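Undergrad: Here the sequence shown stands for residues 20 to 381, where the numbers follow this note's numbering. No residue lacks a Cβ here, since even glycine has one placed at the ideal position from N, Cα and C. Predicted, not measured: the structure shown is a model, and the values here were computed from it. Pasting a structure here, questions to come.
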Amino acid sequence: MNKLIMILILLTLVVSAIFYISEYNNEGEASKTNLVTQSLPNQTVVKQEKKYIKNIKNSKVTIENDEMVIYRTKDNEVQIYSFLPDDNILITVFERKAWGTWNIGGWYIAKDKKIPSKNYYLIAGGHSDWEYALRVRKDLKKKYGFSGGSHGKEYMKTLKLLNPDDDSNIWVKKGDFKIVKQLKIEEKTFLTTTPEYNTKYAEVERTYIVSPAEISLKSNFKFTSNVFMGTSYVCMLPMPKEYGRYVWFEGTLDFVTTPKKGETVANTNIENYYGKEKSTEVRVWGDTNPAYVFEVSILNKDMVDNFKNSLKTFYWDINKEANKLYFSKFETDQDEKINKGTEWENYSEWKLHVAPEALAMK
């Protein structure tokens, strides 16, 4: 059954790729501006149905397919539950880092189909960055170092959890829950070149919008001092190999197959990078439940310096267990200088689609 689903997905993607390239050649950049809002070809609209969940404080709670349950598991973690079209329960995790920022922690499936779940497994993410990682130094005589995300050197100034409908505050205490259709997370942070507070080089405003099976992030950077930047990453997706072995760089005919789980080409002498394509949107899926197609995109190529660097958008065979997608900019050996007062705006999206062929086979 999985092989049949995969064949159907591949045929759909090939047809879509050919159509896209034809449209791109005819219409140029104008057709590419809509990439970030595209859904899977022939994606079916799932009828709204009510679901009944019993495992929240021993009471029966009713939510619909376009609603989510926000549950505070502990002080440094929030879990957001929603239904997928195949009736599985998706858990979107946000976690607070030791230095204070709240970052995407991953997507999980509740194996026990309970909210809150005590038995769930990872399908995307897992203690590795999604948002950004900037390779910087203030002095050309010093070594480059990453800041942001799991690399640290980013500190929280303010945090708000809001209902996007009216911008009312949402705050969930440990062990409590709330039901919403969307969640807005607003963070103000600052980036530093070292773990010391007094080495700040940029202020960042991050706005997440979390919806069922979808996360968007708008990041505004304002550089407060001059800094040199090497190869950096403005959007990523870490994947367990069983859910992220296959990749399509949209706008190209580049379909990638990485080594399967338990295998890798990468070692201490080889960095196994696939793609290096001029793509602002990528789709990823795996051998395990290939109906789960992960779509990752950035709004425009300005944020990746118009793909001038060698890596561009690439997929890394990291080790025997994991792969990772990167949207990159700059070259480390070229020491790009970012001047004080420079401002960047980036918009990233992560979506999980359930292929309609899988729904038809239910």
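(1) What did DSSP end up calling residue 353 once you bin it into helix, strand or coil?
(2) Measuring straight from C-alpha to C-alpha, what distance separates residue 276 and residue 294?
(3) Would the beta-carbon of residue 163 fall within 8 angstroms of that of residue 141?
(4) DSSP beta-bridge partners for residue 257?
(5) Is it the case that the Cβ atoms of residue 254 and residue 303 are separated by a distance below 8 angstroms?
(6) Tell me residue 128's beta-bridge partners as DSSP assigns them.
(7) Apart from the five residues on each side of it in sequence, which residues of its chain come closer than 8 angstroms, Cβ to Cβ, to residue 171?
(8) If you check the beta carbons only, do residue 368 and residue 230 fall under 8 angstroms apart?
(9) Can you tell me whether residue 60 is helix, strand or coil according to DSSP?
(10) For residue 193, which residues from the same chain have a beta carbon less than 7 angstroms from its beta carbon, with the 5 sequence-adjacent residues on both sides left out?
(11) Could you check whether the segment 129-136 touches the segment 145-153, counting it as contact only if at least three pairs of C-beta atoms, one from each stretch, sit closer than 8 angstroms?
(12) Could you say which of 297, 337, 272 and 241 lies nearest to residue 280 if we only look at CA atoms?
(13) Could you give the distance in angstroms between the alpha-carbon of residue 323 and the alpha-carbon of residue 351?
(14) When you compare only the Cα positions, how much space is there between residue 181 and residue 161?
(15) By Cβ distance below 6 angstroms, which residues in the same chain neighbour residue 388 in space, the five residues on each side in sequence not counted?
(16) Consider the C-beta atom of residue 324 and the heavy atoms of the ligand MG; say whether any pair is separated by less than 7 angstroms.
(17) Do the CB positions of residue 109 and residue 344 come within less than 8 angstroms of each other?
(18) For residue 245, count the other beta carbons within 10 Å of its own beta carbon; 16 or more makes it buried, fewer makes it exposed. Which is it?
TA: Reading from the atomic positions:
(1) helix
(2) Cα-Cα distance, rounded: 11 angstroms.
(3) no
(4) 343
(5) no
(6) 109 and 140
(7) 116, 117, 118 and 214
(8) Cβ atoms of residue 368 and residue 230: not closer than 8 angstroms.
(9) With a pLDDT of only 34 at residue 60, under the threshold of 50, the placement of this residue in the model should not be trusted, and no figure is reported.
(10) Answer for residue 193: 91, 93 and 94, listed in chain order.
(11) With fewer than three CB-CB distances shorter than 8 angstroms, the segment 129-136 does not count as touching the segment 145-153.
(12) Answer by Cα proximity: 337.
(13) One C-alpha to the other measures close to 14 angstroms.
(14) 41 angstroms
(15) As displayed, the chain neither begins before 20 nor continues past 381, which places residue 388 out of reach and without an answer.
(16) Judged by which ligands are present, the structure shown has none, so any question about the ligand MG falls away.
(17) No, the pair does not count as a contact, with Cβ atoms beyond the cut-off.
(18) exposed
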